[in-house]
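Here's the structure we're looking at; comments come further down.
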Amino acid sequence: MGSEEICTEGAVETCILQKQLEKYASQDLYPLHMPGHKRRVQPAPGLPYDWDVTEVPGTDDLHDAHGILEEAMKRTAALYGADRTWYLVGGSTCGLLAGIRALTARGSEVLCARNCHKAVFHALELSGYRVHWIMPPMDPEWEICGGIRADQVRAMLAKHPSARAVILTSPTYEGVLSEIEEICSICHEKNIPVLVDEAHGAHLLPQSCQAGFPKGAVACGADLVIQSPHKTLPSLTQTALLHLNGKLVDPDRIERELDIFETSSPSYPLLASLDGCTGILRKEGAELFEKWKERLARFDEAVHSLQKIRILGHGSQSAAVNDPGKILINTRGAGMTGQEAAGLLRDQFRLETEYARGFHVLAMSSSCDSEDALDRLAAALLVLDTKAAAPVSVEKNRTDSTDALPVQELLMIRPVTACTIACAAEQEAEEVPITEASGRICAEYLYDYPPGIPFLIPGEFITRKIIEILEKEAENGRAFYGHRGREGVILCLRE
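Numbered according to this note's numbering, the sequence shown terminates at residue 1869, and the numbering increases by one at each position without gaps.
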């Protein structure tokens, strides 16, 4: 059975929840209940509106699961080796908000990696936590954040003995992994829970580990792990998982927070896709991951002869330990920007990549790729490599190209905190010209998207260095999220 068949036809055979929904829809019951389409008026062609039901007898209740949803979540927990798993229909954002709030008491001190997604920062704000930042190392060759090391966490815990939780992201958007197993061991010696945002690592489960993929955060012993299976597995966009291990986090507290942050009207088609994904992996997972690794191995062999284009972890050396499923392409040596390379891949080779910025292009592979997908990418890169121009310098790229983004410089600036995020969010703010903002306290989040990592957050002092970078980017026509359409100004706490 090919991977395309596994990810489509196979789902019908393995999704127990879907069968229950179809069975319910076939009954002679007229719906005098939500949703309003009454399974009669199809909102758009192709939508599974027959499955779009509410909590009626036989479909269970996501927020009080004691039936088919409870059994589905138990199957997923067993697949990952978790003590307990919750299905989420609000993305990993929902899981991060609930999980971080459930970690410890409001106002506690926590350690958090600075290269986390904006949803983590929002959860920190809502929790009123006093945050001590773990600054990720910068990979100088690839100009991306490296993984958090165990010795960093040990040192931070010694410096901040009152810390009550540790929050990390692994793998990163680019696929870089942290030393999660060692970090968990260090933290658990002090009964400190570890939460891992593994949104980009739902495929790192025991089955894939046997095929040669890295060990995932659940297997590494993390107490809470939040994943987005839709990123690399056969599940619909917006679906996510929250896994619990051990006794350091109260499951009742998690459920209370999910009651707050997750809709009370969850989409059953989304829930069915999570159950179907679990069914596919239980039935065909070993084959899926073996074939994925075979495709990646062929890709590695094909791109081995690249002369000017480099690929992180695929024939190129780097200090970073990375997930092989992510293909981070560096185009500097080929004399083109990431946007230019992505445009050529799209227009000439009909390949749409995930992300392009500076000298980088990110391609995401998955368990459901066609057999020739990575072969096509390798062939395209070999063509671009032979047509490469002279290498472009960092300085020239940043001066002459609006594609430039020295976000790594911003992420490496150690923040100086004036107050907690929550405290800053409650105070009055005013717009200040960027040129006059040095020394002021920021009142908004500034970040680039993707990947959505804030480099300046409420409660932090705005430095001259930050202003210089913002001004340079403005000259290149570049804007950051957070300004909400405002140009030349930044939101600061009112003095």
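From the three backbone atoms N, C-alpha and C, an ideal C-beta is built for every residue, glycine too. No experiment lies behind these values; they were computed from the predicted model shown.
#1: Tell me, to the nearest whole angstrom, how far the beta carbon of ALA1576 is from that of LEU1607; I am working on the premise that it is less than 8 Å.
#2: For ALA1399, does the three-state DSSP call read helix, strand or coil?
#3: Under the assumption that ALA1591 contacts ILE1554 (Cβ atoms under 8 Å), give the Cβ distance between them as a whole number of angstroms.
#4: Looking at C-alpha atoms only, which residue of SER1641, SER1741 and PRO1643 is the closest neighbour of ARG1669?
#5: What number of angstroms, rounded off, separates the C-alpha of PRO1807 from the C-alpha of ARG1504?
#6: When you compare the CB positions of MET1447 and THR1428, do they come within less than 8 Å of one another, or not?
#7: If you reduce the DSSP assignment to three classes, tell me which class VAL1527 lands in.
#8: Cα separation between GLY1650 and GLY1709?
#9: Output the residue ranges of the beta strand (DSSP E) runs that lie fully inside the stretch 1454-1538 and measure 3 residues or longer, sorted by chain position.
#10: Take ALA1676 and list the residues in its own chain whose beta-carbon comes closer than 6 Å to its own, dropping the five residues that flank it on each side.
#11: Between the Cα of ALA1399 and the Cα atoms of PRO1419, PRO1431, ALA1418 and GLY1420, which residue gives the shortest distance?
#12: State yes or no: is the C-beta of ALA1646 within less than 8 Å of the C-beta of CYS1389?
#13: If we ignore side chains and look at the alpha-carbon of each, how far apart do ALA1357 and ASP1402 end up?
#14: Measuring CB to CB, does SER1812 end up less than 8 Å from ARG1838?
#15: Please work out which residues of its chain come closer than 6 Å, Cβ to Cβ, to GLU1869, disregarding the five sequence neighbours upstream and downstream, and give them in chain order.
#16: Leaving aside the five residues before and after ALA1799 along the sequence, list all residues of the same chain whose C-beta is less than 7 Å from its C-beta, in chain order.
#17: Within this structure, are the beta carbons of VAL1863 and PHE1835 separated by less than 8 Å?
#18: On the CB-based measure, 16 or more other CB atoms within 10 Å of its CB, does GLY1481 come out buried or exposed?
#19: On the three-state DSSP scale, how would you describe PHE1673?
#20: Looking at C-alpha atoms only, which residue of GLY1707, HIS1411 and ARG1750 is the closest neighbour of GLN1722?
#21: Look up ARG1684 in the DSSP assignment and say whether it is helix, strand or coil.
#22: Please tell me whether GLY1473 and ILE1600 are closer than 8 Å, where the distance is taken between their beta carbons.
#23: DSSP on ALA1752, reduced to helix/strand/coil?
#24: Please list, in chain order, all residues of the same chain as GLU1726 whose beta carbon is under 7 Å from its beta carbon, the five residues on each side excluded.
#25: Taking the alpha-carbon positions, what's the LEU1521 to PRO1511 distance?
#26: Do the CB positions of SER1759 and LYS1682 come within less than 8 Å of each other?
#27: Give the secondary structure of ILE1836 by DSSP, where H, G and I count as helix, E and B as strand, and everything else as coil.
#28: Can you tell me whether GLN1601 is helix, strand or coil according to DSSP?
#29: Leaving out the 5 sequence neighbours to the left and right, which residues in its chain are closer than 7 Å to GLY1687 when beta-carbon positions are compared?
#30: Please work out which residues of its chain come closer than 6 Å, Cβ to Cβ, to MET1786, disregarding the five sequence neighbours upstream and downstream, and give them in chain order.
#31: For ALA1660, tell me which candidate among LEU1471, PRO1640 and LEU1578 has the shortest Cα-Cα distance.
#32: Which of helix, strand or coil does DSSP assign to ARG1627?
#33: Rounded C-beta distance between ASP1434 and LEU1443? I'm assuming under 8 Å.
#34: Grab me the residues of PRO1545's own chain with a C-beta within less than 6 Å of its C-beta, minus the 5 sequence neighbours each way, in chain order.
#35: With distance defined between alpha-carbon atoms, name the residue in GLY1465, SER1679, GLU1445 and PHE1587 nearest to VAL1757.
#36: Suppose contacts are defined by Cβ-Cβ distances below 8 Å. Is ALA1817 in contact with LEU1867 by that definition?
Quick answer:
#1: In this structure, ALA1576 and LEU1607 form a Cβ contact; the two beta carbons are roughly 5 Å apart against a cut-off of 8 Å.
#2: Helix, per DSSP.
#3: About 5 Å; that satisfies the 8 Å criterion.
#4: Considering only alpha carbons, the answer is SER1741.
#5: PRO1807 and ARG1504 have their C-alpha atoms spaced approximately 29 Å apart.
#6: Going by C-beta atoms, MET1447 is not nearer than 8 Å to THR1428.
#7: The answer is helix: DSSP assigns VAL1527 an H, G or I state.
#8: Approximately 45 Å, taken between the alpha carbons.
#9: Within the stretch 1454-1538, the complete beta strand (DSSP E) segments at least 3 residues long are 1458-1462, 1483-1487 and 1504-1508, listed from N- to C-terminus.
#10: Contacts found: ALA1752.
#11: For the residues PRO1419, PRO1431, ALA1418 and GLY1420, the minimum Cα distance to ALA1399 belongs to PRO1431.
#12: Against a cut-off of 8 Å, the Cβ pair of CYS1389 and ALA1646 comes out as a contact.
#13: No answer is possible for residue 1357: it lies beyond the span of the chain, which begins at 1375 and ends at 1869.
#14: Pairing SER1812 with ARG1838 gives a Cβ-Cβ distance under 8 Å.
#15: For GLU1869, where only same-chain residues beyond five positions count, there are no Cβ hits under 6 Å.
#16: Taken in chain order, the residues that qualify are GLU1499 and PRO1832.
#17: Contact: no.
#18: Around the beta carbon of GLY1481, fewer than 16 other beta carbons lie within 10 angstroms, which makes this residue exposed.
#19: PHE1673 falls in the helix class under three-state DSSP.
#20: Looking at GLY1707, HIS1411 and ARG1750, the one whose alpha-carbon comes closest to that of GLN1722 is ARG1750.
#21: DSSP places ARG1684 in the strand class (E or B) of the three-state scheme.
#22: GLY1473 places its beta carbon less than 8 Å from that of ILE1600.
#23: If DSSP states are grouped into helix, strand and coil, ALA1752 belongs with the helices.
#24: ARG1720.
#25: Residue 1521 is actually Gly in this sequence, not Leu. The alpha-carbon atoms of GLY1521 and PRO1511 are separated by roughly 7 Å.
#26: The displayed chain sequence assigns Asp, not Ser, to residue 1759. It is a contact, given that the beta carbons lie within the stated cut-off.
#27: For ILE1836, the secondary structure class from DSSP, reduced to helix, strand or coil, is coil.
#28: Strand at GLN1601.
#29: Same-chain partners within the cutoff: ASN1696 and PRO1698.
#30: For MET1786, the CB contacts under 6 Å within the same chain, skipping 5 residues up- and downstream, are MET1512 in chain order.
#31: If we check each option's Cα against that of ALA1660, LEU1578 comes out closest.
#32: In this structure, ARG1627 counts as helix in the three-state DSSP scheme.
#33: Going by Cβ atoms, the distance from ASP1434 to LEU1443 rounds to 4 Å, so yes, they are a contact pair.
#34: Within the same chain, PRO1545 has close Cβ partners LEU1551, HIS1574, GLY1575 and ASP1697.
#35: Proximity to VAL1757 across GLY1465, SER1679, GLU1445 and PHE1587 peaks at SER1679, based on C-alpha coordinates.
#36: Using a Cβ distance threshold of 8 Å, ALA1817 and LEU1867 count as a contacting pair.
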